[in-house]
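J.: Heads up: the sequence shown begins at 10 in the working numbering, then just goes up one per residue. Sharing a structure with you now.
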Amino acid sequence: MDVLFEEQGDITDSDIQSYKIVAKGTGRVFKIKRGGERKRDFTALYNLNLKVKAGEFVTIGGPSGCGKTTFLDIMAGLSLPTSGEIYIDGKRITGPDLNRGIVLQGYALFPWRTVRKNIEYGLEVKKIPRSERRLISDKYIELVELNGFEDRYPHELSGGMKQRVAIARALAFDPEVLLMDEPFAAVDAQTRETLQDELLRVWEKTNKTIIFITHSIEEAVFLADRVVVMSSNPGAIRCFLNIDLPRPRRIRDVRNSDAFNRITGKVWNLLHGDNATGRKGTAQSAYL
Ligand SMILES: Nc1ncnc2c1ncn2[C@@H]1O[C@H](COP(=O)(O)OP(=O)(O)O)[C@@H](O)[C@H]1O
Ligand SMILES: [Mg+2]
């Protein structure tokens, strides 16, 4: 019983108050226009229901274009849903907030700031004194192994290094919620494993709520308490999988374990449509 399908069920008012993040019937329609055509509606997200507990590590996977980034942007407050609602701590999300750290696809670093200054950005906004900022940025520079690069500017870094700065910046101001959109996609395999381990370590210590989008089944399963599998046309949640691999997890121990390989194999089958029992609505609690 490694993977448990779970139905999210209806969202009640008391859910909205008791969960950290709640999406209730969340949808997003874009107006698109191609050439001389009239504008038409494109439904990128349709009726998403999701309840995330405080401290939960949720990964979101699904085919390219199924609306993962659109959903994360809505959780970040960078865009608003066109239908339904989205809540954090019982309050409607109306815009970005420093309580939600964001690591987007691509790096979005400030090009005019050095590595250290990028990492200290949120701390400056929070008016943390200079000496304390320095201690915190030292810690995160160390964590993402960028010692010696503190004074470089983003254009002087490789893609993987820029991504590590973006991660350090998000972690440094200690947000309660971390929203991460394929944050490790651009880094090399070895660095990726280090960052996966480090992210779990940070999460275990700090009890952050993390929403993490990834293309990689292995990454989704390794990190998550729960994997949200999305499907496209329109973008929707297909199913939830509870991952009950023991914790703490370290990639070196987990990667070659039978349980891990069994789960990732089954998720692969599910995503590729070989496993009809995985479809939402067919079972309350089916075991893969
Ligand atoms: N600003 C936009 N205007 C029109 N269509 C968009 C916009 N942003 C995203 N889309 C479309 O919405 C769908 C979901 O996009 P996205 O959330 O980026 O998918 P994913 O992150 O899962 O790959 C795609 O078909 C994409 O083309
Ligand atoms: Mg995306």
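Ideal Cβ positions, reconstructed from N, Cα and C, are used throughout, including at glycine.
Can you list, in chain order, the stretches of the beta strand (DSSP E) that have 3 or more residues and sit fully within the segment 204-228?
T.: DSSP runs (the beta strand (DSSP E)) wholly in the segment 204-228: 218-222.
J.: Between which two residues does the beta strand (DSSP E) carrying A179 extend?
T.: Per DSSP, A179 belongs to no beta strand (DSSP E); it is in the alpha helix (DSSP H), G168 to A181.
J.: Does DSSP put I25 in a helix, a strand or coil?
T.: I25: helix per DSSP, three-state reduction.
J.: Specify, as a first and last residue, the run of the alpha helix (DSSP H) that G86 falls within.
T.: Segment: none, G86 is in no alpha helix (DSSP H) and carries neither H nor E.
J.: Give a single yes or no on whether T78 has its beta carbon closer than 8 Å to a heavy atom of ligand 1.
T.: The answer is yes for T78.
J.: Using the C-alpha atoms, what's the distance from K214 back to D206?
T.: Going by the C-alpha atoms only, they are around 12 Å apart.
J.: Going by other Cβ atoms of all chains shown within 10 Å of its Cβ, with 16 needed for buried, is D267 buried or exposed?
T.: That one is exposed.
J.: Check whether the segment 181-192 touches the segment 41-60, taking contact to mean three or more Cβ pairs, one atom from each stretch, closer than 8 Å.
T.: Output reads no: the segment 41-60 does not touch the segment 181-192.
J.: Contact defined as beta carbons within less than 8 Å: I believe T79 pairs with L113. What is the distance between those atoms, to the nearest angstrom?
T.: No, T79 and L113 are not in contact; Cβ-Cβ is about 12 Å, not under 8 Å.
J.: Spatial neighbours of F119 within its chain, please: CB distance less than 8 Å, with the 5 preceding and 5 following residues excluded, ordered by chain position.
T.: Only K126, N127, Y130 and P163 meet the Cβ criterion.
J.: Using DSSP's beta-bridge definition, name the partner residues of L187.
T.: DSSP, once it has assigned bridges, lists G110 and I219 as partnering L187.
J.: In this structure, what does DSSP give as the bridge partners for T32?
T.: According to the sequence shown, residue 32 is Ala rather than Thr. Partner(s): L59 and I95.
J.: Look at the alpha carbon of K40 and the alpha carbon of I220, and state the distance between them as a whole number of angstroms.
T.: Taking the straight line from one Cα to the other gives about 27 Å.
J.: Are the segment 25-35 and the segment 52-67 in contact at 8 Å, needing three or more beta carbon pairs?
T.: Yes: the two stretches touch, three or more of their Cβ pairs being nearer than 8 Å.
J.: Report the residue from G64, V236, K217 and R142 whose alpha carbon sits nearest the alpha carbon of T223.
T.: Measuring from the Cα of T223, the nearest candidate turns out to be V236.
J.: Is I252 close to ligand 2? I mean its beta-carbon at under 8 Å from any heavy atom of the ligand.
T.: Every heavy atom of ligand 2 is 8 Å or more from the Cβ of I252, so no.
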